[in-house]
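Engineer: Here it is, the structure, as structure tokens.
Protein chains: 2
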Amino acid sequence: MKLLIIEDEPSLNKSIVDYLTDRQYLCESASTYADAIEKVECYQYDCIVLDIMLPDGNGLKLLQQIKANNKTEGIIIISARNELDDKVAGIELGADDYLTKPFHLPELAVRISAIIRRKNLQGSNLLLFEEIQMDVPGKAVTVNNKALLLTRKEYDLLLYFIINKNRVLSKNAIAEHLWGDDMDMVDNHDFLYTHVKNLRKKLLQAGAKDYIQSIYGIGYKFSIA
Amino acid sequence: MKLLIIEDEPSLNKSIVDYLTDRQYLCESASTYADAIEKVECYQYDCIVLDIMLPDGNGLKLLQQIKANNKTEGIIIISARNELDDKVAGIELGADDYLTKPFHLPELAVRISAIIRRKNLQGSNLLLFEEIQMDVPGKAVTVNNKALLLTRKEYDLLLYFIINKNRVLSKNAIAEHLWGDDMDMVDNHDFLYTHVKNLRKKLLQAGAKDYIQSIYGIGYKFSIA
DNA sequence: ATTAAAACTGAAGATTTGCTGAAGAACGCA
DNA sequence: TGCGTTCTTCAGCAAATCTTCAGTTTTAAT
Numbered sequence: 001m002k003l004l005i006i007e008d009e010p011s012l013n014k015s016i017v018d019y020l021t022d023r024q025y026l027c028e029s030a031s032t033y034a035d036a037i038e039k040v041e042c043y044q045y046d047c048i049v050l051d052i053m054l055p056d057g058n059g060l061k062l063l064q065q066i067k068a069n070n071k072t073e074g075i076i077i078i079s080a081r082n083e084l085d086d087k088v089a090g091i092e093l094g095a096d097d098y099l100t101k102p103f104h105l106p107e108l109a110v111r112i113s114a115i116i117r118r119k120n121l122q123g124s125n126l127l128l129f130e131e132i133q134m135d136v137p138g139k140a141v142t143v144n145n146k147a148l149l150l151t152r153k154e155y156d157l158l159l160y161f162i163i164n165k166n167r168v169l170s171k172n173a174i175a176e177h178l179w180g181d182d183m184d185m186v187d188n189h190d191f192l193y194t195h196v197k198n199l200r201k202k203l204l205q206a207g208a209k210d211y212i213q214s215i216y217g218i219g220y221k222f223s224i225a
Numbered sequence: 226m227k228l229l230i231i232e233d234e235p236s237l238n239k240s241i242v243d244y245l246t247d248r249q250y251l252c253e254s255a256s257t258y259a260d261a262i263e264k265v266e267c268y269q270y271d272c273i274v275l276d277i278m279l280p281d282g283n284g285l286k287l288l289q290q291i292k293a294n295n296k297t298e299g300i301i302i303i304s305a306r307n308e309l310d311d312k313v314a315g316i317e318l319g320a321d322d323y324l325t326k327p328f329h330l331p332e333l334a335v336r337i338s339a340i341i342r343r344k345n346l347q348g349s350n351l352l353l354f355e356e357i358q359m360d361v362p363g364k365a366v367t368v369n370n371k372a373l374l375l376t377r378k379e380y381d382l383l384l385y386f387i388i389n390k391n392r393v394l395s396k397n398a399i400a401e402h403l404w405g406d407d408m409d410m411v412d413n414h415d416f417l418y419t420h421v422k423n424l425r426k427k428l429l430q431a432g433a434k435d436y437i438q439s440i441y442g443i444g445y446k447f448s449i450a
């Protein structure tokens, strides 16, 4: 799961990123309005944590642009206690949740997880695709009710596939989601090839059909037949 | 076993915490509504002791929110004798027990233990998992009916494993439950490694199988096979 | 059919994570 | 206070995973 942390204070930004990275999220951070708007326009995230007060532009404007961009990301606003009006405005502009500073990191983590669950799993903990079942909070995968052990990258890959089932995914989009933007994936898709190969092998061995279809020149599509 | 004591009067709070800590509970305390709601949202407890009268908000509202949060914690309400209506309302809102001030600490301890027993042990005193048997009130463990001596951390760890059997537990979740929130576990899981190692060794020596499965990059799962 | 690009594969290093035993520190009890 | 137990720290080793790479197969277009 990929997050964007928009927060200008470096130490807070770092502690948020460290904490969430430790909990298996892939985090990217932005510290200015310009930085943030660029990342939001270029990449896709599962959830965005947005500090309303930014040095070079108002966070509400940023929020508006995110929403205008027709992005479906979940958004959590953080703000100081005396910026209550901004908070209310944020919710009206379509933020999914808010948090007042100072807050505790576990609480932020709980809310992120709740938003992601709401968005991708319709409130359930289980993701189903034919004979494959993913228990997301438990990070456990079963095929025909038999446990299947996946490595972290394999798990992330399968999760991304199932959430985006029946859609053609470019290799760059997948790579971006699994490794973030600091990775040099322009002319090297060997990572992906290897992990797709390993995931396919494990799924087949577990008795699932090969739902990972290669789309020549583009990427993959996860679907039946 | 991890408890949260919500009580605004410092001396009473401290004496409750001291008494229960002495009886091997891991206690955290909150003295205000805001403080309490935050802890409840971030952490997980086995039982919550809640004083209905709080300075900055009504305890009943807090109780309602705990229940709304879909938490499964047991809850004991404490209140002054003249707040009988609140007490009744509390039970109706889903509190598991109540106590009127002033009360004796041993009585509180008895009720906490009863709630935990009801919740985790379905009313029994024994927790069973294959050849392992835990007598919770007696803090005694047997494997194939032969006594097994565990240290406190080992005992707490095994108890947490068995209560959460078949679930993937992150190292952070385990650490939080065994050491509380004041511990700096971000990049140091050596505690856990050592205690898991010692617990495994003792269980194996006693003739039990190794039910503690390591989940690479995440934590552990306690289950058969 | 030929060809060049793209995709796949197995196996090798490199890296990260987990395990271990032993030593030092803290604790509880007499 | 002193003693034995338990808890924490640490450094070296082992294992799992990730990345790299060279060689092979597949694909689409000529």
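Protein chains in written order, with the numbering used here: chain A, 1 to 225; chain B, 226 to 450.
Glycine included, C-beta positions come from ideal geometry on N, C-alpha and C.
As the structure is a prediction and not an experimental result, all values here were calculated from the model.
1) So with CB distances below 7 Å, who are the chain A contacts of R392 (chain B)?
2) Can you look up V368 (chain B) in the DSSP assignment and give me helix, strand or coil?
3) Can you name, in chain order, every residue of its own chain whose Cβ lies under 7 Å from the Cβ of L121 (chain A), other than the five neighbours on each side?
4) When you compare only the Cα positions, how much space is there between H189 (chain A) and L228 (chain B)?
5) Using a C-beta cutoff of 9 Å, does D281 (chain B) count as contacting chain A?
6) Is D97 (chain A) close to chain B, meaning its C-beta is less than 9 Å from at least one C-beta of that chain?
7) For H104 (chain A), decide whether its Cβ has a neighbour in chain B, counting only Cβ atoms nearer than 9 Å.
8) What span of residues does the beta strand (DSSP E) with G59 (chain A) cover, start to end?
9) Can you name the residues that DSSP bridges to Y220 (chain A)?
10) For G405 (chain B), which residues in chain A fall below 7 Å Cβ to Cβ?
11) Can you check which of these residues, A:N13, A:G94, A:W179, A:I77, is closest to L50 (chain A) by C-alpha distance?
12) Helix, strand or coil for Q358 (chain B)? Go by DSSP, reduced to three states.
13) If contact is defined by three or more beta carbon pairs under 8 Å, each pair taking one atom from either stretch, is the segment 363-380 of chain B in contact with the segment 420-440 of chain B?
14) Can you look up L20 (chain A) in the DSSP assignment and give me helix, strand or coil?
15) Check whether the Cβ atoms of L330 (chain B) and L245 (chain B) sit closer than 9 Å, and answer yes or no.
16) Is Q213 (chain A) close to chain B, meaning its C-beta is less than 9 Å from at least one C-beta of that chain?
17) Name, please, each residue of chain B whose Cβ falls closer than 7 Å to the Cβ of E107 (chain A).
18) Taking Cβ-Cβ distances shorter than 9 Å, what residues in chain B pair up with V17 (chain A)?
19) What does R260 (chain A) reach in chain B if we use C-beta pairs closer than 7 Å?
20) I want to verify the contact list: residues of chain B whose CB lies under 7 Å from the CB of V110 (chain A), in sequence order.
21) Confirm the yes/no value for this check: CB of Y211 (chain A), any heavy atom of the ligand GDP, distance under 8 Å.
22) Run through DSSP, which three-state label would G207 (chain A) get?
23) What distance in whole Å lies between the Cβ atoms of L403 (chain B) and D381 (chain B), which are believed to be in contact at a cut-off of 8 Å?
24) Using a Cβ-Cβ cutoff of less than 8 Å, which residues in the same chain neighbour E154 (chain A) once the five nearest sequence positions on both sides are dropped?
25) Mapping DSSP to helix, strand and coil, what is G315 (chain B)?
26) With DSSP as the reference, label A320 (chain B) as helix, strand or coil.
27) Could you please give me the residues that DSSP links to E194 (chain A) through a beta bridge?
28) With K390 (chain B) and G444 (chain B) assumed to form a contact (beta carbons below 8 Å), what rounded beta-carbon distance in angstroms separates them?
29) Would you kindly check if the distance between the Cβ of V168 (chain A) and the Cβ of I215 (chain A) is under 9 Å?
30) Label S124 (chain A) either buried or exposed according to how many other C-beta atoms from any shown protein chain fall within 10 Å of its C-beta, with 16 as the threshold for buried.
31) Is it buried or exposed for N283 (chain B), if we count other Cβ within 10 angstroms and need 16 for buried?
32) Using only CA atoms, which one of B:K326, B:R342, B:I388, B:D247 lies nearest to I277 (chain B)?
Structural biologist: From the atom records:
1) Taking the second sequence and counting its residues from 1, the one referred to as residue 392 (chain B) is at position 167. G138, listed in chain order.
2) Taking the first residue of the second sequence as position 1, residue 368 (chain B) is located at position 143. In this structure, V368 (chain B) counts as strand in the three-state DSSP scheme.
3) Taking the first residue of the first sequence as 1, we reach residue 121 (chain A) at position 121. For L121 (chain A), the CB contacts under 7 Å within the same chain, skipping 5 residues up- and downstream, are L127, V136 in chain order.
4) In the first sequence, counting from the first residue as 1, residue 189 (chain A) sits at position 189. In the second sequence, counting from the first residue as 1, residue 228 (chain B) sits at position 3. Roughly 50 Å between the two C-alpha positions.
5) Locating residue 281 (chain B) in the second sequence gives position 56, counting from the first residue. The beta-carbon of D281 (chain B) is placed no less than 9 Å from the nearest beta-carbon of chain A.
6) For the purposes of this step, residue 97 (chain A) is identified with residue 97 of the first sequence, where counting begins at 1. Not one chain B Cβ lies under 9 Å of D97 (chain A).
7) In the first sequence, residue 104 (chain A) corresponds to position 104, counting from 1. Answer yes: the Cβ-Cβ gap between H104 (chain A) and chain B drops below 9 Å somewhere.
8) To locate residue 59 (chain A), count along the first sequence from 1; it is residue 59. Run containing G59 (chain A): none in the beta strand (DSSP E); it sits in the alpha helix (DSSP H), 59-68.
9) By 1-based counting over the first sequence, the position of residue 220 (chain A) is 220. Per DSSP, A:L169, A:S214.
10) The residue labelled residue 405 (chain B) in the question sits at position 180 within the second sequence. Correct list: empty, because the minimum Cβ distance to chain A is about 12 Å.
11) Looking up residue 50 (chain A) in the first sequence gives position 50. Cα-wise, what sits closest to L50 (chain A) is A:I77.
12) Along the second sequence, read from residue 1 onward, the residue named residue 358 (chain B) stands at position 133. Looking at Q358 (chain B) - three-state DSSP - the assignment turns out to be strand.
13) They touch, by the three-pair rule.
14) Here the question's residue 20 (chain A) lines up with position 20 in the first sequence. DSSP places L20 (chain A) within a helical segment (H, G or I) once states are collapsed to three.
15) Locating residue 330 (chain B) in the second sequence gives position 105, counting from the first residue. Locating residue 245 (chain B) in the second sequence gives position 20, counting from the first residue. Taking 9 Å as the Cβ cut-off, L330 (chain B) and L245 (chain B) qualify as a contacting pair.
16) Here residue 213 (chain A) refers to the residue found at position 213 of the first sequence. No, Q213 (chain A) lies away from the interface with chain B (no Cβ there is under 9 Å from its Cβ).
17) For the purposes of this step, residue 107 (chain A) is taken as residue 107 along the first sequence, with counting starting at 1. The CB of E107 (chain A) comes closer than 7 Å to the CB of E263, E266, C267 in chain B, given here in chain order.
18) In the first sequence, the residue the question calls residue 17 (chain A) occupies position 17. Residues of chain B with a Cβ closer than 9 Å to the Cβ of V17 (chain A) do not exist, since the nearest Cβ in that chain sits about 12 Å away.
19) Outside the displayed span of chain A (1 to 225) sits residue 260 (chain A), for which this structure offers no information.
20) Working through the first sequence from its first residue, we reach residue 110 (chain A) at position 110. Per Cβ cutoff of 7 Å: E266, C267.
21) Judged by which ligands are present, the structure shown has none, so any question about the ligand GDP falls away.
22) For the purposes of this step, residue 207 (chain A) is taken as residue 207 along the first sequence, with counting starting at 1. DSSP, read as helix, strand or coil, puts G207 (chain A) in coil.
23) Within the second sequence, residue 381 (chain B) is the residue found at index 156, counting from 1. Within the second sequence, residue 403 (chain B) is the residue found at index 178, counting from 1. That belief holds up - the Cβ atoms of D381 (chain B) and L403 (chain B) are roughly 5 Å apart, short of 8 Å.
24) For the purposes of this step, residue 154 (chain A) is taken as residue 154 along the first sequence, with counting starting at 1. Setting aside the 5 residues that flank it on each side, E154 (chain A) is surrounded in the same chain by H195, N198, L199, K202, each with a C-beta closer than 8 Å to its C-beta; the list follows chain order.
25) Within the second sequence, residue 315 (chain B) is the residue found at index 90, counting from 1. DSSP places G315 (chain B) in helix when its eight states are reduced to three.
26) The sequence position of residue 320 (chain B) within the second sequence is 95, counting from 1. Coil, per DSSP.
27) Here residue 194 (chain A) is taken as the residue at index 194 of the first sequence, counted from 1. A small correction: the amino acid at residue 194 (chain A) is Thr; Glu does not occupy that position in the sequence shown. Per DSSP, T194 (chain A) has no beta-bridge partner at all.
28) Taking the first residue of the second sequence as 1, we reach residue 390 (chain B) at position 165. Taking the first residue of the second sequence as 1, we reach residue 444 (chain B) at position 219. Their Cβ separation, rounded to whole angstroms, is 14 Å, which puts K390 (chain B) and G444 (chain B) out of contact at 8 Å.
29) Taking the first residue of the first sequence as 1, we reach residue 215 (chain A) at position 215. Taking the first residue of the first sequence as 1, we reach residue 168 (chain A) at position 168. At the C-beta level, I215 (chain A) and V168 (chain A) come within 9 Å of one another.
30) Here residue 124 (chain A) refers to the residue found at position 124 of the first sequence. Around the CB of S124 (chain A), fewer than 16 other CB atoms lie within 10 Å, so the residue is classed as exposed.
31) One-based indexing of the second sequence puts residue 283 (chain B) at position 58. In this structure N283 (chain B) is exposed. Its beta-carbon is surrounded by fewer than 16 other beta-carbon atoms within 10 angstroms.
32) For the purposes of this step, residue 277 (chain B) is identified with residue 52 of the second sequence, where counting begins at 1. The shortest Cα separation from I277 (chain B) among B:K326, B:R342, B:I388, B:D247 belongs to B:K326.
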